[in-house]
Structure formats: C-alpha cells, structure tokens
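Protein sequences appear in the order of chains D and B. Per UniProt numbering, the first sequence starts with residue 1, numbered consecutively. Per UniProt numbering, the second sequence starts with residue 1, numbered consecutively. Notes to accompany the following structure.
2 protein chains.
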Amino acid sequence: MKNIVLLIMDGLGDNPNPEFFGKTALQAAYRPNLNALCRKSICGLMDPVGPGIRSGSDTSHLSILGYSPERYYNGRGPFEALGLGMELYPGDVAFRANYAYVSDGYVLDRRAGRISDTCELSRAVSMEIEDVKITVKSGTEHRAAIVMHGPGLSSMVSDSDPHRENERPMEIRPLDKKAEKTARILNEFIKKSREILNKHPVNIKRMNQGLMPANEILIRGAGMVPDLEDFYDRYHLKAACISGTPLIKGICRLAGMDIINMDNLTGRVDENYSGIFEKAHELAKKYDFIIINIKGTDIAGHDRRPDIKRSVIENVDSAISKIINDLDDLLIIVTGDHSTPCNLGDHSGDPVPIMFSSNNIRSDNVMLFDETSVRNGSLRIRGLDVMKIALSLSNRSEKYGA
Amino acid sequence: MKNIVLLIMDGLGDNPNPEFFGKTALQAAYRPNLNALCRKSICGLMDPVGPGIRSGSDTSHLSILGYSPERYYNGRGPFEALGLGMELYPGDVAFRANYAYVSDGYVLDRRAGRISDTCELSRAVSMEIEDVKITVKSGTEHRAAIVMHGPGLSSMVSDSDPHRENERPMEIRPLDKKAEKTARILNEFIKKSREILNKHPVNIKRMNQGLMPANEILIRGAGMVPDLEDFYDRYHLKAACISGTPLIKGICRLAGMDIINMDNLTGRVDENYSGIFEKAHELAKKYDFIIINIKGTDIAGHDRRPDIKRSVIENVDSAISKIINDLDDLLIIVTGDHSTPCNLGDHSGDPVPIMFSSNNIRSDNVMLFDETSVRNGSLRIRGLDVMKIALSLSNRSEKYGA
C-alpha cells in the first residue's frame, strides 16, 4: 500500500497565450520535475465535473474527492460561508447576503454604495434568537454570509432579496412545513438587524458623510450544510489538507480531514511553496492521504496574467522535488480543479491534465505534463473517477466481485 | 460570446470502402476546408446516444441538442409524422399506420399489395370525431402517419395492427383510464374509414384492375408528441434550423427554433450547398445558434454509394468556405448524427467524428478531419455533452459553483 499525495493546482488548465507564442502557461513553464513525474505516470485529461461543465472550485473539489456535486451541492450559501472561513456543521443552514440601502421600505441600492468594510456591522448583527445562533461574516465590499446553527433548521425558505432595486425586501416564507421555524427566526433576525443597523455608528457616520447607510441585510441562496460522509469512513484513508484557501479548507474539514496549519500558508501567489512540500514529505509518514491546493494558478488566470501563472507553476515544479524521490512509497497525483484560461479571466468548461505517478505502475510514457501532451495518455476521466483510480493504484481498493 | 453553427452531416461516419482502398468516404474526400477547421479545433469521437447504440436521426438529433431520448422519445408515431412534414403540437398523439387489405374481417395483406400512392385515400379519411381532429398523411408505398389533435388525448392505447396476416384487425384498447376517450375515438375512426375506403373510387378502380383494395388502416406505434423544453429557455440561444428534411425541421420546430425557408433546399443529394452556407453566414448576425442538417451523406450511405457520399462531403467542404473566416465570432461544430456505412447500407452504432472549431481555444492540433485522425483529439463524448461543450467554448455557460 502506498500513501497518496493529491496536488491540485487551482485553475491549472489554460488556452494558448499569444505571450507564449500559442503555448499554455503550463507548456511555457520550465517544469523538469513535473515532466519527470509524467514519465512515470498514467495520465490523460479529466473533466472535473463533466464535459463542458464550467465548474467552480467548490463543485470540482467535491467531485475530485468523490462526493457527487449533484448530491452534495445544494445552494451556494454554505460554500460562500466556507469561503469566508466560517465554521459550519451538518444541519446548519447558510445564506449569501448583501448589505443594502433601504429607504421608506424600498431597496434603493442592493450594494449600499459598494460599501467597502462591513466587519463591524456583521459583528453587531450576529445574535441568538430562540435556540438558534446566527453568525454574520463580511466578505468583500457589500457581500456577507450568514450561518444559522441550532436544532430543527431547514433551507427550504424563500429569499428576502428582491434581486432588483426599487422593490421592497421580501418576507422570508417557508417553502414547506418543516421550514416554519427557520423562516420565523430569519424574519425576526431581519427586523432586529434593521434596528441595530439604523442606529449603528458606522452608518450614522456614513450618513453624515453623505454616503448610503448599509441598513438592510438582503438574504438569498439558502443551503443546508452538506453532511459529507467522513473521508476516513469512506476510503479508510487518514487524510490531511494543506491549503491557504478557506473554501478548500472548509470542504476538507467537512469531510473530516485534518487541516494543517503552517507558517506563511497564504493561498496567494506568494505562497510558501517549498514549505508546503516539505510538510507533505513529513506528513506522508503519518497520513495516508494528503491533499494540497495551490491557489496561485487560479488567481493568475482570473487576473489574465499568464506570466504569473507560469511562475507559480515553476515554483511548484521546484518545490515538488521534495517528494519526487518517494515514488516507491507514494502515489503522487497532479491535476487542476478546473481550467482558468488567462484569455478568459474566468473558469472555462475545458478539461484539465491529470497524472497518477508512482513506481511499478503501467506508465503511459508521455514525456511532457501539459494540456495537449497528456492526450496521448490512457485516461479520459471525470472528477468522480479520481479517488477510485487512486485507491487502485495505491493498492488499497477492495475487489468488486471475485 | 460567440455564435454557434452546428453542422450535422447526416450519417457521416463510415467504414473502410474497397473503392477507396480502405478509406472511408470522409477520408477519401478532398476536404481542405474541413481539415483547416480541424487544425483550429478541439476534436474527437462522439457516440450520438451512447457507445454501440444504433441511433436514428430522431434520437440522435434529440441527444445532440441536449434532449435526452430516454426522456423525450416515447413511441415512433410522432417522429414518423414529423418526418412526413405534419404539424404537431404538444398534447397531440401520433401513430404509424399501414394501408392494408382486409377481406371477410381478416387481414390478407398488411401492405395492400404494396400500393404506391395513397394520398387521395389519406385525404378522404382525415376527419373530425367529437372534438378531435384526425389527420392522415401518406408516406411511401403503403405507409402513413396519423395525428390526433384535441383535448384529453393519451398514447396509452393498444395497436389495431395484428402485426401478421390472416388475423383480424384488433380493437383499440385503452391501457389506462385516461386513454378511454382516445381508444373510443380511434375505434370510431377505424369504423368510419372502412366505410369510406371500401367505396372510394381509388379502391374500386383497383378492384376492377384485379389489385387489392387498400380498405383498412392498421394503427400502431402510438406516441405522445414530446413537450420539448424551449431551446431558447433552456440555453438562452436564439436558434434557427436550415434543413430540407421534414424530420429534422419537425424536431427543431418542436424545440421552438425558427425554421428557415430558402430556395432549392431539397434534403437530397442535389442540395443547394453554397446557398445553405451563404444563408448561415447571413443568419449568424441575428441568430445565436444555427443548426444545419445535410441529408445527402445519409442517403448515399443507405444507397451503398461511397462515391456519392464522397461528393456530398466535397460539396459541403467547398461551401463551408463561406463561414470559415468567421472564427473570431463563430464556434463552428462539425459532426454527424450517426454512422451510415456504405458497406452496411444502414445506420451503425459506431461513433462519429466531431470538432469544435474557433479562434482562441485550446486546439488539439489534429491535422485531418476524419473518423480515425480525430482519435488523437481530446474528446470522447456523447451527444448529450455537445451543447454543454458548445456553451462553454462560446463563453456562454453559467458557472456551476464558484
């Protein structure tokens, strides 16, 4: 049995870049170590969720870890909250929220003048109602997430957000009988938060400056925190997550993995690359499965910066040297969670290269690890296939039949 | 966002032909434009419905347009009727029918001596019963289709066709309670049509000539016209169909597309090839999605004529030059709806080549567009994946997750 390191370079897949004379960032990168791994790998292309599906990091990580997004991805709220680093537990209900400006009962600006910092407001409106704890956490600008924690909650409630301006915030309605408590508490929360926000010093100061007060929280995107089957129970793998990205850490924590804290884990382009792989090398002695998420590739894609994407990949390539001599004991999987082509500045539905690298496996003899070269490999898979292949190649899967 | 042209060469896929020293018609064709598109494409093989499924044009077009045949293909009747150019609406029930010869209550010939023209008879037996309009339309030889239009109809009725000779035509039985009205009206229709047919001049003339009269309509293959979700509602694509083939036009009309009328659109081998692509070039300015069906390739396959199939492909190749310079604004998809190998003279379950061609996408660098060369591309997909990939590559798909 081998231990498994799953390296996900977020948004790895790309399109041809004119800066690189039609090469992708991965093709343009100096990547001797990734190529060396490729030569000892079974490789190919993977559709993280399905062909042409333009998946997010949330749905694609669920899929790659073997949790069907169709089953587990119900509503954006919980993943928005995880992305803000909030603690969520099965049975919690979470929402996306906007700070908005309401006057005479009408929403005049759904973004409260794109207010830049609402942290104090979010602290002020976090409260308990009945036996439910409501936590509000601010995101960027006017955005926030709300988590309800307590017994008997349901995500079957309507939005209060009218989704356009010059309309009234709507009363939250239960969409079935079991959601009555949740709707009642949310309406009470909205009423109380209005009182708090209208007289909050931050808003009074804004009004004195002629700025719109953020005096209403508009709620949408209700979702039940998914009860992911424990990763260990499912795969018999003691698992750890190394990531600087709250969303990824949140998903891995929901799956019951240990979340590794270490210095300078930023989730940014200036990542602690060598530290991450040193840590992985060390952890591989006591964990069966280590997932590493490198966010810089995705950030560079969103920022339309192929030069930065290339340099992130080169940093990873250099740092991965810490583990590439462990292939007798390790199965190293390298892939992306989706494509974030620099020419689009956003996720696309294109597949990503993937390789399963180890000693004593049937190698595909592909010489270069990139989007086009791995087409000559033997895999044309979906995210949901990854864990099955990983278990098989690490000599851990149970026989199906006899 | 790019607009999309989906070119379906009906029955495109083929097997090696001795006439071409083992090449397929597509491989044997001079096709510089299709090959040029291929070099700028993401390509591969597609199973229109699924691996090994020997699909018809109806099931495969449904699948390629994203309508699962499993869900929407219920009974041959509606598609037979669409193929005859009949107008059908959701809620209508349609049937396949045979003109037969019945004597003393027994079916003596299910094809009424392979009668060649039944158009007058079909007009004579089209009628209204209660609040239901029954339209009969003749196909080739003894074949016909029947459409019932009116409220409260059901396809859950048995056949009147005994499916063999020397048996009595059967009474139509309702297979559930909701089908009682439909069965009652059909039995009434059969009774009345017998009276009309037995004294119709066409049949009297046939009897005088010693030919079998077509004095009974045998009914089978009941199917409810599928309520296809509107193509625009589903994909936010304003869509047009260019095809000379009634079945394809019918399916596209059911999906709410505009059906383009133009001169010399024959649906035959002698098609108005250049006119079609000139029209597509023009329509691409106001439509988001244009589907073109070229029927000649399929006809040549059924006729076991690889030479004709090759020449149809060469005509398409020449005509497609009208749009291949639009790849900055267009995504051009070229494929077949199924294989109609000339050596079989009928559809096979083999996959078809497919390419998604545009500028600024991740090209697979495959040099030739044909059944074997595209295996080096990155796609190994099913018909139901096509629209997802098309939306993604035209930068139109919504993100699944964040």
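Quick reminder that beta carbons are idealized off the backbone N, C-alpha and C, glycines included. In this text the structure is predicted, and so the values were computed from the model without any measurement.
Nearest to D:Asp176 by alpha-carbon distance, out of D:Pro162, D:Leu153 and D:Ile196, is D:Leu153.
Residues of the stretch 233-246 of chain B with a Cβ closer than 9 Å to any Cβ of chain D: none. For D:Leu34, the uninterrupted alpha helix (DSSP H) segment begins and ends at Pro32 to Arg39. Within chain D, no C-beta atom comes less than 8 Å from the C-beta of B:Asp328; the nearest is roughly 13 Å away.
The C-beta of D:Pro48 has 16 or more other C-beta atoms within 10 Å across all chains shown, which makes the residue buried. Apart from the 5 residues on each side of it in sequence, D:Arg168 sits with its Cβ closer than 8 Å to the Cβ of Gly105, Tyr106, Val107 and Pro162 in its chain, given in chain order. Within chain B, no residue has its beta carbon less than 9 Å from that of D:Arg305; the closest one is some 17 Å off. Residue contact with chain D for B:Ile323: absent (no Cβ-Cβ distance below 8 Å to any residue of chain D).
Among the residues facing chain D, B:Ser68 is not included, as its CB has no counterpart in that chain under 8 Å away. The Cβ neighbour count for D:Thr340, taken over all protein chains shown within 10 Å, is at least 16; the residue is labelled buried. Under the 8 Å criterion on CB atoms, D:Asp58 is classed as interfacial with respect to chain B. Taking the Cα positions, D:Gly223 is about 31 Å away from D:Cys342. In chain order, Arg380 make up the part of chain B whose C-beta sits under 7 Å from the C-beta of D:Arg380. When rounded, the separation of the alpha-carbon atoms in D:Ser358 and D:Phe289 is 14 Å. Restricting attention to alpha helix (DSSP H) runs no shorter than 4 residues, the stretch 202-288 of chain D encloses them at 231-235, 246-254 and 273-283, ordered along the chain. Residue environment: D:Thr297 is assigned as buried (16 or more neighbouring CB atoms within 10 Å of its CB, all protein chains considered). Scanning D:Ser41, D:Ile219 and D:Asp326 for the CA closest to the CA of D:Leu379 turns up D:Ser41. Per the DSSP secondary-structure output, D:Ala300 pairs with nothing in a beta bridge.
Look at D:Leu82: its C-beta is not under 8 Å from any C-beta on chain B. Within chain D, the residues Asn15 have their CB atoms less than 7 Å from the CB of B:Ile361, given in chain order.
Note: D:His149 is bridge-paired with D:Lys133 in the DSSP secondary-structure output. Under the Cβ criterion of 8 Å, B:Asn365 is counted among the residues facing chain D. Shown here, D:Val157 sits in a strand according to DSSP, grouped into three states.
The Cβ atoms of D:Ile185 and D:Glu130 sit closer than 8 Å to each other. Excluding residues up to 5 positions away in sequence, Glu19 lie with their Cβ nearer than 7 Å to the Cβ of B:Asp307 in the same chain.
As a beta-bridge residue in DSSP terms, B:Thr335 pairs with B:Ile8 and B:Ile354. Cβ proximity to chain B below 9 Å picks out Ser339, Pro341, Asn343, Leu344, Asp346, His347, Ser348, Gly349 and Asp350 from the stretch 339-350 of chain D. Within the DSSP bridge table, the entry for B:Met1 names no partner. Its chain contains Gly349 as the residues whose beta carbon lies nearer than 6 Å to that of D:Ile53, once the 5 sequence neighbours on both sides are disregarded; these appear in chain order. For the pair of segments examined, the stretch 320-336 of chain B was found to touch the stretch 261-280 of chain B: the number of CB pairs separated by less than 8 Å reaches three.
Taking a C-beta distance under 8 Å as the contact criterion, D:Val202 and D:Glu141 do not qualify as a contact pair.
The bridge partners DSSP lists for D:Ile291 are D:Leu6 and D:Cys241. Around the beta carbon of B:Asp337, 16 or more other beta carbons sit within 10 angstroms, so the residue counts as buried.
Residues of chain B whose Cβ lies closer than 8 Å to the Cβ of D:Leu45 are, in chain order, Ser378. Cβ-Cβ distances below 8 Å link D:Asp92 to Pro78, Val147, Met148, His149, Leu153, Met224 and Val225 in the same chain, with the five nearest sequence neighbours on each side left out; the list follows chain order. Taking a Cβ-Cβ threshold of 7 Å, the residues of chain B close to D:Glu371 are Arg362, in chain order.
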